[in-house]
Structure formats: structure tokens, C-alpha cells
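> Numbers given in this note's numbering equal positions in the sequence shown, counted from 1, plus 262.
The structure follows.
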Amino acid sequence: MLKKQIKFTYTDYINLKDSKRYELIEGELYMVPSPSFYHQSVLGNLWDYLRTNTKKKRLGIVLSTPIHVVLTENDVVQPDILFISNENSGIVTEQNVKGAPDLIVEILSSGTLERDKIVKKYLYEKHGVKEYWIVEPVGKFIEVLTLEKGGFEFFGTFFLADDLDSLVLKKLRIPVRKIFKNA
Numbered sequence: 263m264l265k266k267q268i269k270f271t272y273t274d275y276i277n278l279k280d281s282k283r284y285e286l287i288e289g290e291l292y293m294v295p296s297p298s299f300y301h302q303s304v305l306g307n308l309w310d311y312l313r314t315n316t317k318k319k320r321l322g323i324v325l326s327t328p329i330h331v332v333l334t335e336n337d338v339v340q341p342d343i344l345f346i347s348n349e350n351s352g353i354v355t356e357q358n359v360k361g362a363p364d365l366i367v368e369i370l371s372s373g374t375l376e377r378d379k380i381v382k383k384y385l386y387e388k389h390g391v392k393e394y395w396i397v398e399p400v401g402k403f404i405e406v407l408t409l410e411k412g413g414f415e416f417f418g419t420f421f422l423a424d425d426l427d428s429l430v431l432k433k434l435r436i437p438v439r440k441i442f443k444n445a
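Shown next as C-alpha cells:
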């Protein structure tokens with residue numbers, strides 16, 4: 263006889279008693295490993311650059327983990343960085359973000375590589391995230407995917423010598439070298 267797998271909901275998720283960080287994908291709990299120093303350094307550089315420049319240009323809100331992004335009752339993620347445009351700001355609540363941010367950034371690590379590149383890519387595509395950045399800290403590049411009618415399309419890979427262009431953050435050009443500086 264097969265055991266039925268338990269499907270968690272957002273209510274179950276927020277009532278977990280331990281202090282570990284989790285994400286909920288299709289009702290399944292995934293523990294989020296503690297990030298490395300290098301991961302945090304890259305995250306800090308990118309968050310600082312995005313926050314400062316989106317604020318100056320009044321483009322929207324930049325947030326970083328830990329924050330619950332509730333895509334459905336069974337899909338709750340904690341992206342490394344997310345951007346919500348002014349037009350989409352209604353999804354921000356006091357407790358969480360309810361709906362798809364305009365942009366999500368995930369910084370790869372050995373413990374999350376497959377989940378970020380496959381599982382979460384599909385999840386973000388399915389829920390209408392307009393742009394997904396996958397940051398490769400070891401290779402020092404950023405892969406950008408944009409949502410088109412058929413799903414995510416490859417927009418570009420940006421290396422240290424490049425300025426990253428974004429369809430979501432139209433008024434920003436991000437010098438990639440600044441993201442990996444001192445990291």
C-alpha cells in the first residue's frame with residue numbers, strides 16, 4: 263500500500279514550529295540552506311544597487327529574503343531579491359507578497375542549483391513573473407529570462423564586462439562588475 267504524501271498549505275507553513283527557513287512548492291516543503299558569505303556578498307551588492315537606483319527613478323520596491331511570496335496556497339517562496347513595480351504594488355501586504363513580483367532574482371548555490379534552475383523557473387513562469395535573473399556567483403555572470411506568450415525566453419547572459427539590460431527595469435543599466443565587486 264502506498265502512503266499518501268502530505269500536501270502543505272500556506273497556513274501549515276506559517277505555523278511550523280521550528281526556526282528553519284522553508285519554501286513551499288506544489289504543497290511540498292523544501293528547506294532553504296543558510297547562504298554562504300560569498301552568496302550574501304553578491305546578494306548585498308545587487309540589492310543595494312537595485313534598491314538605490316529603483317528608488318531614485320521611482321520605479322517600485324526592491325525586497326530581499328526573508329519574505330514570503332505567496333503565489334498560491336501551496337506555492338510560497340523566498341526569493342533572494344524581488345522587484346515589484348509601482349503598477350503592481352497592490353500585491354504587497356504587511357505580512358507578505360501575494361502574487362507574482364515583476365522580477366525575481368535567485369543566486370545559485372550548490373544546495374539550491376537544481377531547484378532554482380528548473381523547479382522555480384517553471385513555478386515563476388507559470389505564475390507570471392515577467393523577468394527571472396539567475397545569478398551564477400562562481401562563474402560571475404547573470405542569465406536573464408523574460409516572460410513571453412509561450413513562457414520564459416532567454417534574453418541574455420551578462421558577464422563582468424557587460425552592462426545588464428532589463429525589460430522590466432527599462433531605465434536601469436547595471437554594470438555587472440559592481441554586483442561581483444569584493445565578493
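Quick reminder that beta carbons are idealized off the backbone N, C-alpha and C, glycines included.
Return the first residue and the last residue of the alpha helix (DSSP H) that F299 is part of.
Position 37 of the sequence shown, counted from the start, is the residue given in the question as residue 299. 299–318 is the extent of the alpha helix (DSSP H) around F299.
> Let me make sure I understand the geometry here. Which of T408, G401, I276 has the alpha-carbon closest to that of Y384?
By 1-based counting over the sequence shown, the position of residue 384 is 122. Of the listed residues, the one whose Cα sits closest to Y384 is T408.
> What does the Cβ neighbour count give for I295, buried or exposed, with the cut at 16 atoms within 10 Å?
Sequence index remark: in the sequence shown, residue 295 carries index 33 (1-based). First, the amino acid is wrong: residue 295 is Pro here, not Ile. P295 should be labelled exposed.
> What are the complete beta strand (DSSP E) segments, minimum 3 residues, inside the segment 356–419?
Listed in chain order, the complete beta strand (DSSP E) runs (minimum 3 residues) inside the segment 356–419 are 365–369, 393–398, 403–410.
> Following the continuous beta strand (DSSP E) through T334, name the residue where it begins and the one where it ends.
Taking the sequence shown and counting its residues from 1, the one referred to as residue 334 is at position 72. Element bounds for T334: 331–334.
> Which of the three DSSP states is assigned to V430 in this structure?
As a first step, residue 430 must be located in the sequence shown, where it is residue number 168. The answer is coil: DSSP assigns V430 none of H, G, I, E or B.
> Helix, strand or coil for D337 per DSSP?
What you label residue 337 is simply residue 75 of the sequence shown in a count that begins at 1. Three-state result, D337: strand.
> State the DSSP-derived secondary structure class of S296, mapped to helix, strand or coil.
In the sequence shown, the residue the question calls residue 296 occupies position 34. In the structure shown, S296 sits in coil (DSSP, three-state: anything other than H, G, I, E or B).
> Using only CA atoms, which one of F420, F345, P399 lies nearest to L312?
Here residue 312 is taken as the residue at index 50 of the sequence shown, counted from 1. The shortest Cα separation from L312 among F420, F345, P399 belongs to F345.
> Assuming F442 and L426 make a contact with CB atoms under 8 Å, what is their CB distance in whole Å?
Translated into the one-based positions of the sequence shown, residue 442 becomes position 180. Translated into the one-based positions of the sequence shown, residue 426 becomes position 164. Incorrect: roughly 12 Å between the Cβ atoms, too far for contact.
> Between V397, I366, T271, I380, which has its C-alpha nearest L429's C-alpha?
Within the sequence shown, the letter at position 167 stands for residue 429. Among V397, I366, T271, I380, the Cα nearest to that of L429 belongs to I366.
> Can you grab the Cα-Cα spacing for the pair L291 / I436, in whole Å?
Numbered from 1 along the sequence shown, position 29 holds the residue referred to as residue 291. Numbered from 1 along the sequence shown, position 174 holds the residue referred to as residue 436. Computed Cα separation, rounded: 34 Å.
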